[in-house]
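Reading through the structure tokens given below for one structure.
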């Protein structure tokens, strides 16, 4: 699912954001090159020892922390911490800047060419990428505050790094994907990552175990907002009042209770996601959530 949370500021990005490859951003000896720094766009983002939620949590970032990127693998970012150690974090909660590389690029309502066109971008237009999916589509911020989706094949960074996305769009292939190297600096900016517990006792009001499902589609929430990936969850408001901030360790992000549903009763939540396939992949899970102040 494509999860979207808006950051208030975005660092200049000098790497290509490609979620479905093992692309490596090679060290650069050019001291004038910009650093491959991006920003965390959620209140709290887990740092893990490997590229999936099955790996141990070894620390966490806070919102707007800068992240020094080394490589990307299947939507997970390999990062360099202040102490020089390598770790991983979920790329769904990292905001990056990109640049359009074709004369005209359609912005669509969803992550496929079957969705309606809602806007267009021109060559060298800058875009703020707030998420990416497994098929190489980027969710970007639009001028009206809404989001749209563009094909990541036609996005580069200001460093003009280039990767081959061609086989991401070949439905007959599910084998290895072609990449090419790109340049970046691996010197970390002031990354504030630390070995914090995944719980911040000063902010957690209570902890619950819930049955979590997922939903997608165009709608308006029960509180009148447009649901956002990475932000919106549906709840039973008699259990979790509307407006409550909920941290979900399994996803490494903070969500807001702003929707409900006929089947959402008791200790159950429904997480808004970007596509039906992502919802199906999630299924039904028993997870722990933290109610925040």
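In mature numbering (1 follows the signal peptide of the UniProt record, and there is no 0), the protein residues as written are -26 to -1, 1 to 267. No residue lacks a Cβ here, since even glycine has one placed at the ideal position from N, Cα and C.
Own chain partners of residue i with C-beta closer than 8 Å, once the 5 adjacent residues on each side are dropped
i	result
residue 258	185, 186, 187
residue 82	89, 90, 91, 92, 122, 123, 124
residue 96	74, 77, 78, 79
Whole-angstrom distance between residue j and residue i, CA atom to CA atom
i	j	result
residue 245	residue 261	12 Å
residue 169	residue 63	The predicted position of residue 169 is uncertain, since its pLDDT is 36 and thus under 50; a value taken from the coordinates is nonetheless stated next. Looking at the two C-alpha atoms, the distance is approximately 13 Å.
residue 98	residue 78	10 Å
residue 238	residue 111	30 Å
residue 30	residue 225	13 Å
residue 250	residue 204	15 Å
residue 212	residue 206	17 Å
residue 50	residue 41	13 Å
residue 197	residue 86	28 Å
residue 74	residue 199	30 Å
residue 130	residue 76	10 Å
residue 59	residue 23	10 Å
residue 229	residue 43	25 Å
residue 222	residue 101	28 Å
residue 271	residue 127	Coverage of the chain is limited to positions -26 through 267, which leaves residue 271 absent and any answer about it impossible.
residue 263	residue 25	21 Å
residue 231	residue 115	22 Å
residue 179	residue 33	21 Å
residue 248	residue 242	20 Å
residue 240	residue 215	12 Å
residue 84	residue 120	12 Å
residue 52	residue 181	30 Å
Check whether residue i and residue j have beta carbons under 8 Å apart
i	j	result
residue 125	residue 190	no
residue 227	residue 16	yes
residue 72	residue 21	no
residue 220	residue 265	yes
residue 288	residue 61	Any property of residue 288 remains undetermined from this structure, which presents the chain solely from -26 to 267.
residue 177	residue 37	no
residue 233	residue 183	no
residue 109	residue 94	no
Per DSSP, cross-strand counterpart(s) of residue i
i	result
residue 271	Outside the shown range of the chain, which is -26 to 267, sits residue 271, and nothing can be said about it.
residue 260	185
residue 86	BP columns for residue 86 are empty, so no partner.
residue 213	None; residue 213 has no bridge partner.
residue 190	The partner list for residue 190 (beta bridge, DSSP) is empty, contrary to what the question assumes.
residue 115	121
residue 180	265
Sequence-distant residues of its chain with Cβ nearer than 6 Å to residue i (five each side left out)
i	result
residue 256	188
residue 118	none
Same chain only: Cβ atoms within 7 Å of residue i, ignoring 5 sequence neighbours per side
i	result
residue 27	224
residue 236	none
residue 193	201
Check: residue i C-beta below 7 Å from any heavy atom of the ligand ADP
i	result
residue 213	Summarising the ligand content, the structure contains no ligands, and the ligand ADP is consequently not present.
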